[in-house]
Amino acid sequence: MKSLKCLVSTFVLLVSWFSSAQSAAERSDLNLRTGVTDISQQVYSLHMLMFWICVVIAVLVFGAMFYAMFKHRKSAGHEAANFHENIKVEIAWTVVPFVILIGMAIPAASTLDDMEDASKPDMTVLVTGSQWKWHYKYMENEVEYFSVLATQREQIENKFNKGENYLLEVDRPLVIPTGQKVRFLITSDDVIHSWWVPDFAVKKDANPGFINEAWARVNEPGIYRGQCAELCGKDHGFMPVVVIAKEPAEYAQWINEQEQIAVARKEEEQRLLAMNMSMDELMKQGQQTYNAVCAACHQPNGEGLPGVFPSLKGSALILNDQQAHIDIVVNGRAGTAMQSFSKQLTMSEIAAVVTYTRNAWNNNTGDLVQAKDVNALMQGE
Amino acid sequence: MTTLTDDVKDPATDDASHDGHAHDDHSHDDHHHHIPKGISRWLLTTNHKDIGTLYLWFAFIMFLVGGAMAMVIRAELFQPGLQIVEPNFFNQMTTVHGLIMVFGAVMPAFTGLANWLVPMMIGAPDMALPRMNNWSFWILPFAFLILLSSLFMEGGGPSFGWTFYAPLSTTYSGDSTALFVFSVHIMGISSIMGAINVIVTIFNMRAPGMTLMKMPMFVWTWLITAFLLIAVMPVLAGVVTMVLTDKYFGTSFFDAAGGGDPVLFQHIFWFFGHPEVYIMILPAFGIISQIVPTFSRKKLFGYASMVYATASIALLSFVVWAHHMFTTGMPVEWEKFFMFATMLISVPTGVKVFNWVATMWRGSLTFEIPMLFAIAFIVLFTIGGLSGLMLAITPVDFQYHDTYFVVAHFHYVLVTGAVFSIMAAVYYWLPKWTGRMFDITLAKWHFWCSLISVNVLFFPMHFVGLAGMPRRIPDYALQFADFNKWISVGGFAFGLSQLIFLALLVKACRKRGEPVSDQVWDGAEGLEWEIPSPAPYHTFDTPPQIK
């Protein structure tokens, strides 16, 4: 029968596709990565165990079915038998799968116990998601920073050629030491995000108002890339995770440098408080900051997305109330997507971006906002 | 079995002026011989066959609308970069595609099949509550008009995924949320009314001698599905109402700042959502259990174990919901409980697949169109079931969760599972409904094009998922580009293949094709094959006797 042959050959094709995929199991574009932690390797083995059990079941079941389709077809003159139950067989195919399941459950449960045991860490990083960036805070050091997508907008809009790590690159990756148990405390400032590094087999939701735990002990130095895994709004696809694992000595040097840089930046910020910047400087710095931080929602032309993100062009708040304008950038607005930028931006950056938005796109208020004005508002004056 | 006394005369003999009085004298015996004409027939109908037809056409139209949205998604994902739609609109497409396919296509299609078939299979003259039946259908188009019209609002329609996780759907959503909530309420009311109708019909209107354990499997699976619907649709109504009050009335069910918990949303949603996926597959099991014996010319193997397996799946579906939430940060004991409970579901599901294969074993097989779809269902649904078993294993689920591996899994069970079973059912019973054989050449084209394209569409999703591509993203890293191109090509081909189905259905409804016998398929057994083809407008005025 022609259609029968077609049907069978299609499935054979499918199965061979699947098994040829298997021979290339090590290829990272076809299969899970083995990863660089003991846990991720256990997870990989578990995945392959499950996969092969499923393949065997599929071959047996489909094999029996295709055999019947060939041998027991009417066109081959086969007469139907008359049986329609068999208690022994039915008990067997209830009990045997149950036993196979127990065989799967035992290694799965033991790997799970290992994964969920985040006790006795060597160090801790607080990971906070917000629309659409990650913030890392080293709990044992005075170091914290935001980590934002570094792929140029022009690449996304197909104006420039796409780079090798398109959408999987950030301005400031998380840096951790190899060989140490690093605990991640994971939370969110707005909606639910999910922090995922496939090479560590770590994926944990960042829930606003709650803190989740995960951990990794990385065996090999390297750069490991992942993404936000939980739909978190418009730019969910543009929120990568990049982690660099360094040898402990190298890491120690790096974290010391970062602490010094943080101190220097604070001093610099204080120094800038006393200085006034010119309109040109403010506008130039402001445009840069605006495009990097604000344009995702309010758009490069300041017009926002009607019904989703408000327009800044001709906005009543901007045109009429400078204090309220600074306040909304510094503190955000509760119950909306407008978040607080006091942590992410320095006072002079806030001053510049406020000046920029007060004067760009024909807003033309002519107002200059200086870092000290921002400082005054933050100090509650 | 009695000879059937119901022999309906051509309705055209009724005087047209009688129309306006039709409902004044419905106590008259001859009233039911009257089929109203024109639009009022469809608007006012209380006939289970008419309502079944309405449901099925509505579901098919929604399938095409939801499919068109999938085409938008696949066009954007054809290559990396943003080229066709903005991310915000992309998210609206994934959201509304999901809602339409679940609530607008698959569920109404099954309700349509239940309307047509349950009375005919149990020897009842109609559904038990015919006016409610009319109502439960006619509120549906309004629900979807509301949902679809929200896409044209300023800011667009819902964009938080069909799972509408808080607080993305509360604090951070647009004003279309109110319309979304309202339309989901209407869909839920419609489903509950449909479910009540099925239960009352099955419990009260079976022909004498039709004991529960003599009912066809399709009737059994729908009976159990109806109980699932009544159990969980109110939960969905509750959770959308909580979203509504969180967003507009200052409650904080899902807001930690007010003492709530965003993860609570997921618990409530999936307490509805997991039984919901069985609502979309149990009737499919019923359909396959009708078709496979017919074309094997052999009784269904293990009827009783099929019934018990269906019931066990339904019961277990209430204790596995949190396997959708392994990454939310549950205590490890809960994770184990939900992992084990989920794995357990594969036992009764396996029993079903084994029973179908055993039914075919040593049968006398032929491969007409419904059987081709049924066989494709068994193989491809099983692939979806096996990837489901992999997903149940919590430690590896951490890797699979929210990737295209999950997208592949649920499209295998819902498209090559539920949707293929609906197509199988339509091909199986269409000749009974129209009295004529459908265009077999078109049907073959439809089957083969669908079968090949659906696998090109969904199979590579396993690979990109394992390689690390998250779901619900409008743009992706370069290593996923090759497979995504193939997936999109498969998607367009699968979408276009459904136009063949449309042409076939239009042709069938215009009564083209060879007349068929009452039994239609050599080997078909059951009450619906003993009434004339096409099935008269009213059947079983006098109940048949079942021995």
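So the sequences go chain by chain: A and B. With the UniProt record's numbering as the guide, the letters of the first sequence map in order to residues 1 to 381. With the UniProt record's numbering as the guide, the letters of the second sequence map in order to residues 1 to 547. Glycine included, each C-beta is placed from N, C-alpha and C at the ideal position.
Look up residue i in the DSSP assignment and say whether it is helix, strand or coil.
| i | result |
| --- | --- |
| residue 228 of chain A | strand |
| residue 63 of chain B | helix |
| residue 349 of chain B | helix |
| residue 123 of chain A | strand |
| residue 194 of chain A | strand |
| residue 365 of chain B | strand |
| residue 74 of chain B | helix |
| residue 532 of chain B | coil |
| residue 544 of chain B | coil |
| residue 203 of chain A | strand |
| residue 227 of chain B | helix |
| residue 34 of chain A | coil |
| residue 510 of chain B | coil |
| residue 305 of chain A | strand |
| residue 537 of chain B | coil |
| residue 220 of chain B | helix |
| residue 327 of chain A | helix |
| residue 322 of chain A | helix |
| residue 35 of chain B | coil |
| residue 84 of chain B | coil |
| residue 486 of chain B | helix |
| residue 504 of chain B | helix |
| residue 344 of chain A | coil |
| residue 359 of chain B | helix |
| residue 492 of chain B | helix |
Give every residue of the same chain whose Cβ lies closer than 7 Å to the Cβ of residue i, excluding the five residues on either side of it in the sequence, and list them in chain order.
| i | result |
| --- | --- |
| residue 368 of chain A | 279, 282 and 355 |
| residue 128 of chain B | 197, 200, 201, 204 and 205 |
| residue 58 of chain B | 108, 140 and 141 |
| residue 216 of chain B | 121, 290 and 526 |
| residue 146 of chain B | 179, 182 and 183 |
| residue 168 of chain B | 160 |
| residue 442 of chain B | 500, 503 and 504 |
| residue 382 of chain B | 353 |
| residue 51 of chain B | 45, 115, 133, 134 and 137 |
Taking residue i and residue j to be in contact with their CB atoms under 8 Å, please state how far apart those CB atoms are, rounded to whole angstroms.
| i | j | result |
| --- | --- | --- |
| residue 328 of chain B | residue 266 of chain B | 6 Å |
| residue 149 of chain A | residue 239 of chain A | 7 Å |
| residue 190 of chain A | residue 131 of chain A | 5 Å |
| residue 91 of chain B | residue 234 of chain A | 7 Å |
| residue 383 of chain A | residue 366 of chain B | There is no way to answer for residue 383 of chain A, as the model of chain A reaches only from 1 to 381. |
| residue 171 of chain B | residue 255 of chain B | 7 Å |
| residue 434 of chain B | residue 509 of chain B | 7 Å |
| residue 479 of chain B | residue 373 of chain A | With a Cβ gap of about 47 Å, residue 479 of chain B and residue 373 of chain A do not count as contacting. |
| residue 244 of chain A | residue 223 of chain A | 5 Å |
| residue 154 of chain A | residue 160 of chain A | 4 Å |
Considering only residues of the same chain and omitting the five flanking positions on each side of residue i, which have a CB-CB separation below 8 Å?
| i | result |
| --- | --- |
| residue 428 of chain B | 287, 290, 291, 294, 370 and 521 |
| residue 37 of chain A | 199, 200, 201, 216, 217, 218 and 219 |
| residue 485 of chain B | 78 and 79 |
| residue 235 of chain B | 268, 271 and 272 |
| residue 328 of chain A | 317 and 338 |
List the residues that DSSP assigns as beta-bridge partners of residue i.
| i | result |
| --- | --- |
| residue 240 of chain A | A:227 |
| residue 208 of chain A | A:188 |
| residue 135 of chain A | A:128 and A:146 |
| residue 222 of chain A | A:245 |
| residue 213 of chain A | A:185 |
| residue 176 of chain A | A:245 |
| residue 436 of chain B | B:515 |
| residue 170 of chain A | A:149 |
In its own chain, which residues sit with a C-beta less than 6 Å from the C-beta of residue i, not counting the 5 before and 5 after it?
| i | result |
| --- | --- |
| residue 353 of chain A | 286, 289 and 290 |
| residue 44 of chain A | 32 and 34 |
| residue 247 of chain B | 170 and 177 |
| residue 229 of chain A | 194, 196 and 203 |
| residue 39 of chain B | none |
Restricting to runs no shorter than 4 residues, where is the alpha helix (DSSP H) found entirely within the region 376 to 427 of chain B? 394 to 400 and 404 to 413
In chain order, what are the residue ranges of uninterrupted beta strand (DSSP E) at least 3 long that sit wholly in the region 442 to 478 of chain B? none
Only counting runs of 4 or more residues, tell me where the alpha helix (DSSP H) segments fall wholly within the region 153 to 205 of chain B, in order along the chain. 176 to 204
Any alpha helix (DSSP H) of 4 or more consecutive residues that is wholly inside the region 50 to 95 of chain A: Those alpha helix (DSSP H) runs which fall completely within the region 50 to 95 of chain A and span 4+ residues do not exist here.
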